[in-house]
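According to mature numbering (1 follows the signal peptide of the UniProt record, and there is no 0), the sequence shown holds residues -26 to -1, 1 to 330 in order. In this text, a Cβ means the ideal position worked out from N, Cα and C, and glycines have one as well. Note sheet for the following structure.
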Amino acid sequence: MKRGKATMLAAVVTVALALALKLSVAYEITACPQIDGYIAYADMGVTISTEAVMYDTLEEAKFACNGDPACWSFNNNMEVYSVKNVALMRAPGVCTYVTSTLCPTFSRFKLLPPGFVVDLGDTAVEVQYTQEDDLVEKCFAGSDSSICAGFDLSGRMIFPKDGYSFDDIIWKAGNVDAPCTYKVEDAATCPDKFGFFTVYNHVLKPGEGLDGVNNGRLDSDADAEAYCKITPKCSGFSSDGSFTVGGIKGLDFAYYACTYLKHPCPPVSGYTVVDGYTIKAFPPSATYSKLCFADLVRQCNSDPNCKSFDTLRNVWDIDVVQYHPFPGMCVYVKAQGFFGRINRRRALGEKIVSEP
């Protein structure tokens, strides 16, 4: 049922996802279930004061958004937005769903989250066209070295300055009036891969000796990706078809190459995974040491009392708010609003991990 209007002031918290070669740095990543007709933005939420209509369940929020032509977004806090005067920024544990009809799609361009704009700084220059111009054609009108970095639907087109590359251009959040904004995806831009960290302009250097279990090169990056997905101990792969199982010695610079380093904690739909932490203050409600990981996930999905579980098959039935560092451990926390249950509403920008 509708809960009425509430004014929400979300804290803007900058969270740095440090990336180490051994992938031992803690992070929080939510695997948001896909919903037809919407683009899912994981760990991103509304970050300015605005009005939202609140509902009791995620299904009610989705139904309300589907039935309102003015609705452009809802999230797993069960909040529905009909006025597009917001921007999205980092918010661990929050899944924001934006209607896919809000912005058109263009081949070879990636749509940025609402509110994202370019930070011109010293690295970029803008050229203003009109909304009636064919912006895709304008972007690729020059030589390969003069392709645009991106554009928005107002006709504003961004190019790197001489001596700078696409990687030097910063796209930032915070402009609530920003039109639909797109970043070019060409050979120098690596598309995101679910379950992997992305490293631009580098290829893998496999480990040696005891650290290097196996490595090689397949016929294509698609083959390497498929191999890495089905091989649990695969550490990563590169767009040249190379893969590494076991330790990674380093990364070699290779312009236009893309390298993907596997998350140490496999993503599970509807959960936020916390890497490198464990729960000590509260004993688990149960331990299922003989269950395989997939069976444990299915059991937790169907059990409304299951709130979280870890790599050792420990299960908790309370909302834990404090974690302790534990390298190599993965804790899976049911994300807000999924599985037919309601957690405590998480303040946008609030970190899931709170150290003692």
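Sequence-distant Cβ neighbours of residue 194 in its own chain, meaning closer than 6 Å and more than five residues away, are 215. Secondary structure note for residue 20: its beta strand (DSSP E) is the uninterrupted segment 12 to 20. For residue 195, the enclosing alpha helix (DSSP H) begins and ends at 195 to 204. Counting only the Cα atoms, residue 75 lies some 40 Å from residue 297. Residue 230 counts as exposed, since fewer than 16 other beta carbons sit within 10 angstroms of its beta carbon.
Around the beta carbon of residue 17, a 10 Å sphere encloses 16 or more other beta carbons of the protein chains shown; the residue is thus reported as buried. About 5 Å separates the beta carbon of residue 90 from that of residue 145, a gap short enough to meet the 8 Å contact definition. Annotation for residue 273: the continuous alpha helix (DSSP H) segment containing it runs 267 to 276. Per DSSP, residue 86 lies in no beta strand (DSSP E) segment and is marked neither H nor E. By the Cβ criterion, the segment 100 to 117 is in contact with the segment 126 to 139, since at least three pairs of Cβ atoms, one from each stretch, lie closer than 8 Å. For a cut-off of 8 Å, the C-beta gap from residue 15 to residue 87 is around 5 Å, short enough to register as a contact.
Residues of the same chain with a CB within less than 6 Å of the CB of residue 271, apart from the 5 flanking positions on each side, are 242 in chain order. When the alpha-carbon of residue 181 is set against those of 224, 207, 196, the nearest one is in 224.
Judged by pairs of C-beta atoms under 8 Å, the segment 198 to 218 does not touch the segment 25 to 40, as fewer than three such pairs exist. When secondary structure is reduced to three states using DSSP, residue 235 falls in the strand class. Distances from the alpha-carbon of residue 9 to those of 62, 73, 254 put 73 closest. Excluding five sequence positions before and after residue 127, the CB atoms of its chain that fall closer than 6 Å to its own CB belong to 153, 154, given in chain order. In this structure, the CA atom of residue 159 is about 5 Å from the CA atom of residue 82. Here the C-alpha atom of residue 177 lies approximately 30 Å from the C-alpha atom of residue 110. Separation of the CB atoms of residue 20 and residue 54 is rounded to 11 Å, and the pair is thereby denied contact status at 8 Å.
Comparing alpha carbon positions, the residue from 105, 236, 140 closest to residue 121 is 140.
In the three-state reduction of the DSSP assignment, residue 120 falls in the helix class.
Within the model, the alpha-carbon separation for residue 70 versus residue 48 is close to 6 Å.
Using a Cβ distance threshold of 8 Å, residue 217 and residue 200 do not count as a contacting pair. Boundaries around residue 65 are those of the beta strand (DSSP E), 62 to 73, since no alpha helix (DSSP H) includes it.
Residue 80 and residue 123 have their C-alpha atoms spaced approximately 14 Å apart.
Minimum Cα-Cα distance from residue 164 among the listed residues 286, 235, 221 corresponds to 235.
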